[in-house]
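Visitor:
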Amino acid sequence: MKTKIQSLLQQLNQGLVEREHVLKLAMLTTLAGENLVLVGPPGTGKSLVARRIAQSLSHEGEGGGAGYFEYLLTKFSTPEELFGPLSISALKADRFHRNTEGYLPTVRMAFLDEIFKASSSILNALLTVLNERVYHNGTQVQKVPLQALIAASNELPTDQEELAALYDRFLVRVFVDYVGANNLPRLFETTTEPTLRTEDRLSAADLARVRQAADQVVFEPALIQAVQDIWAAHKEAFKEDRRESLSDRRLKKVIHLMRVSAATNGREAVDLSDLMLLKDCLWNHADNAPKVRELVIKTLQCHSRQVPVALSDQSQAPAYELGGDGKTLVLTKLATTLAVAKGTTPAHAPRRSGAVVKGYVGSGTADDPLLIQSVDDLIDLARPYVGQQGYHFRQTADLDIRKINIWPEFDFNGHYEGQGHIISDGAGRWLFRNIRNGRVAHLRTQKLGLAKWASQSEFFACRMSGVLINIARNCKILSCEAGDRLISSKANDCDISFCATGKNISGSADGGVIRSCRSSAPLFEHVAKNTKISDCLVVMDVCRTSDPKNQGGIATELINSTTECCLVVGKWDGFVNFSGIAHAADTSNINRCALGNFDLMGSLAFWQNSIVAESSNSLFDRNFAIDSIDFDINKFRHWGGATIGAQNTKSKSIAAAQFTQRFFEHTLDWDFDQVWIWDDQNDRPALRQAGIDAIPTSTGASASAKASSTVDLLTQQFKANIWL
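Numbered by the numbering used here, the letters in the sequence shown go through residues 517 to 1240 in order.
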């Protein structure tokens, strides 16, 4: 079935531009027997999507149905137009009955345009058709063979309470916008309609098989907990927004949708990727859609973890329940429904709590981690036989250590899963003194650094309000965020990918790889040596300095390093002698980099009109600076007797009108499929993924995961899901 669906989606997408995601959601909603509303301006292909989905269904065999019904509603539309005319013969016999043949109550697929303009008489009848799939035809209850109804509207009825019940009947909501400027040329291509053979279409038997398979799909306890966490996060996020609420009916329907997603992916259990579909099901007001997407992703990241590549499709988290005291979490028996259904026995069973460390719940294994439920549990990591034995830990609640006047900085060797919970401090201290051969994921801190030193360790999806690490050596840092520097002083031989900072990535670097990172100040404040830097975005947020200095957007100096496909934009105010990439480059390669709109705000700030001001034994290829940068050679001054001027200009000038995705994609060969995306609002490239919300899919992230023989579970499952 999975192969058939994939082939069908490919055929249905023929000739369409930027509608693949809409088609996928429409197809999944149809397979689930639910309803979908497409929201967007006129002329965006909403009706075309509905017709193609209708074309994918075979109307032969069981279930009946006349095929497809389509109608444009206005405030003057009458019930006769949707449900059929009144039967004259029935009226003569004093009976109310409609002749519904060929109308909405008798079809398998329907499309109603401008659905929210329906009159109250139509609205009341639609409610039961959409939810119960029945139509009250006079005194008769007529079963409706409707597989799915796709509706469209230019706007949502968020301020019309009389339409709230109708709106709630649409489980999935999708925005459909005009084709982006970059894909407009594709609209000039001849549009050809797909030609589907009978065997290509989804028959009634196919739909029945999907329903039967979905009914058998297992919902593991860990996934149930993840859904509950999303529900709780939604309630907290919108507690003051009366427009947003989640009904029990919606919960039942999304559970079914996730089971259908799992079944059509050939799985016998729901996984994290199926829960990602909730981002299109849990918002009412359009303004809240991004917020819902964010909370869904963050919650799922908290339930994800690194797993061995060979086990990435079957690993599961343990389940916990409240103990007898009503406060403490204790390990329950892992769900074995799936294993029993397969006629197998679980390969291992986690040990009961207390088997390793007195005072902790859990066994310290990946499946049964030691739980950090209190500040005392956290402090006890300072005991070497607890925090330095390679155990797995899982934080279960937010912790506040501000009342601990003297924090016992200690070494850590283990695996710490924060689950998105926060550790709060007010003194700017370090949580750990040294992390060696460890891993920390999904941890958040406030005014608390993670570690003074870290070596041979991995950090994933962590967010610090200040600095992540002071000095890092041989570390992998993926999808992390820091309000200040990511690494305060030095990064030696580190692999840093998909990270974002409020200042620099690091003070300096010696060795390692930096890719797909975003900073709000020069990537490195000082020197980058023996370092490969690629696909990084520097957006300087009014950097200031009171002392004269030489500075570049990537580093002050590059030594034996490679920098490629990087963009620098922003503002600088104060004493600075600025060059686009670096002030100096020694035996380095700088290729396909660009300097965009840049504002030197102070009278003592100078633009060198170059990618690099001083170079020695360095190579340059296709580096450009936008010509709108203010460059006035009469502003050059002397600092300490040294003349500041435009030396060794290595950049080419490009007109602002040419500063487009086409230029970056075809002239500079930037990757706009996986790494970059065009930011229309700021009129420049932006990274697709940077920070804790990133779900890395690029070859760089895959290579990093492969090198460590582990993979992020959510990432792996996301990539394998045909609906995402």
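Glycine included, C-beta positions come from ideal geometry on N, C-alpha and C.
Classify Leu-547: buried if its beta carbon has 16 or more other beta carbons within 10 angstroms, exposed otherwise.
Guide: buried
Visitor: Buried or exposed for Ala-778, going by 16 or more other Cβ atoms inside 10 Å?
Guide: buried
Visitor: Report yes if the C-beta of Lys-755 is less than 7 Å from at least one heavy atom of the ligand MN; otherwise report no.
Guide: Summarising the ligand content, the structure contains no ligands, and the ligand MN is consequently not present.
Visitor: Between the beta-carbon of Ile-1003 and the beta-carbon of Leu-1039, is there less than 8 Å?
Guide: no
Visitor: On the DSSP bridge list, what partners appear for Asp-731?
Guide: None; Asp-731 has no bridge partner.
Visitor: Are Val-776 and Lys-562 touching if we call contact CB-CB under 8 Å?
Guide: no
Visitor: From the DSSP secondary-structure annotation, give me the bridge partner or partners of Ser-1132.
Guide: Asp-1102
Visitor: Excluding the five sequence neighbours on either side, which residues of its own chain have a C-beta within less than 7 Å of the C-beta of Leu-528, listed in chain order?
Guide: Once the five neighbours on either side are set aside, the close Cβ partners of Leu-528 are Leu-539, Arg-568, Ser-572 and Pro-710.
Visitor: Just to check my reading of the structure: Ala-626 and Leu-662 have Cβ atoms closer than 8 Å, yes? What is that Cβ distance to the nearest angstrom?
Guide: That pair is a contact at about 6 Å.
Visitor: Please report how far the alpha carbon of Lys-795 lies from the alpha carbon of Thr-1078, in whole angstroms.
Guide: 39 Å
Visitor: At which residues does the alpha helix (DSSP H) containing His-908 begin and terminate?
Guide: Taken as a continuous stretch (DSSP letters only), His-908 belongs to no alpha helix (DSSP H), being part of the beta strand (DSSP E) at 908-911.
Visitor: Could you say which of Ala-1100, Asp-1195 and Arg-809 lies nearest to Gln-1067 if we only look at CA atoms?
Guide: Ala-1100
Visitor: If you run the structure through DSSP and keep just helix, strand and coil, what is Ala-871?
Guide: Any reading at Ala-871 is ruled out, since the residue's pLDDT is 47, under 50, leaving its predicted position unreliable.
Visitor: Could you give the DSSP three-state label for Ala-977: helix, strand or coil?
Guide: coil
Visitor: Could you name the residues of the same chain whose beta carbon sits closer than 7 Å to that of Ser-981, not counting the 5 residues immediately before and after it, in chain order?
Guide: Thr-961, Gln-962, Lys-963 and Gly-999
Visitor: Given this structure, state the Cα-to-Cα distance separating Arg-1108 from Ala-1141, to the nearest angstrom.
Guide: Their Cα atoms are separated by approximately 11 Å.
Visitor: For Gly-782, which residues of its own chain have a beta-carbon under 8 Å away from its beta-carbon, when the five flanking residues on both sides are left out?
Guide: Beyond the five residues adjoining it in sequence on each side, Gly-782 comes within less than 8 Å, by CB distance, of Met-517 and Lys-518 in the same chain, given in chain order.
Visitor: Work out the CA separation of Leu-1203 and Tyr-694 for me, nearest whole Å.
Guide: One C-alpha to the other measures close to 22 Å.
Visitor: Please list, in chain order, all residues of the same chain as Asp-896 whose beta carbon is under 6 Å from its beta carbon, the five residues on each side excluded.
Guide: Val-902
Visitor: Could you tell me the alpha carbon to alpha carbon distance between Thr-912 and Ile-631, rounded to whole angstroms?
Guide: Roughly 45 Å between the two C-alpha positions.
Visitor: Rounded to the nearest angstrom, what separates Lys-768 and Glu-550 at their Cα positions?
Guide: 12 Å
Visitor: Out of Tyr-876, Asp-883 and Pro-900, state which residue places its alpha-carbon closest to the alpha-carbon of Asp-1244.
Guide: Outside the shown range of the chain (517 to 1240) lies residue 1244, about which nothing can therefore be said.
Visitor: Using 8 Å as the threshold, is the region 631-645 in touch with the region 592-609, meaning 3 or more CB pairs across them?
Guide: Taking 8 Å as the limit for Cβ pairs, the verdict is that the region 592-609 does touch the region 631-645.
Visitor: Between the Cα of Lys-919 and the Cα atoms of Arg-945, Gly-559, Ala-898 and Glu-536, which residue gives the shortest distance?
Guide: Arg-945
Visitor: Once you ignore the five residues that flank Lys-755 on each side, which residues in its own chain have a CB closer than 8 Å to its CB?
Guide: Cβ within range, chain order: n/a, list empty.
Visitor: Tell me whether Met-517 sits in a helix, a strand or coil according to DSSP, three-state version.
Guide: coil
Visitor: Between which residues of its own chain and Ile-987 is the CB-CB distance below 6 Å, once the five residues before and five after are set aside?
Guide: Trp-969, Ser-1005 and Lys-1006
Visitor: Taking only three categories from DSSP, how would you classify Phe-612?
Guide: The answer is coil: DSSP assigns Phe-612 none of H, G, I, E or B.
Visitor: Given a cut-off of 8 Å, decide if Asp-1051 and Gly-1028 are closer than it, judged by their beta-carbon atoms.
Guide: no
Visitor: Does Gln-744 pass the burial test, meaning 16 or more other C-beta atoms within 10 Å, or should it be called exposed?
Guide: exposed
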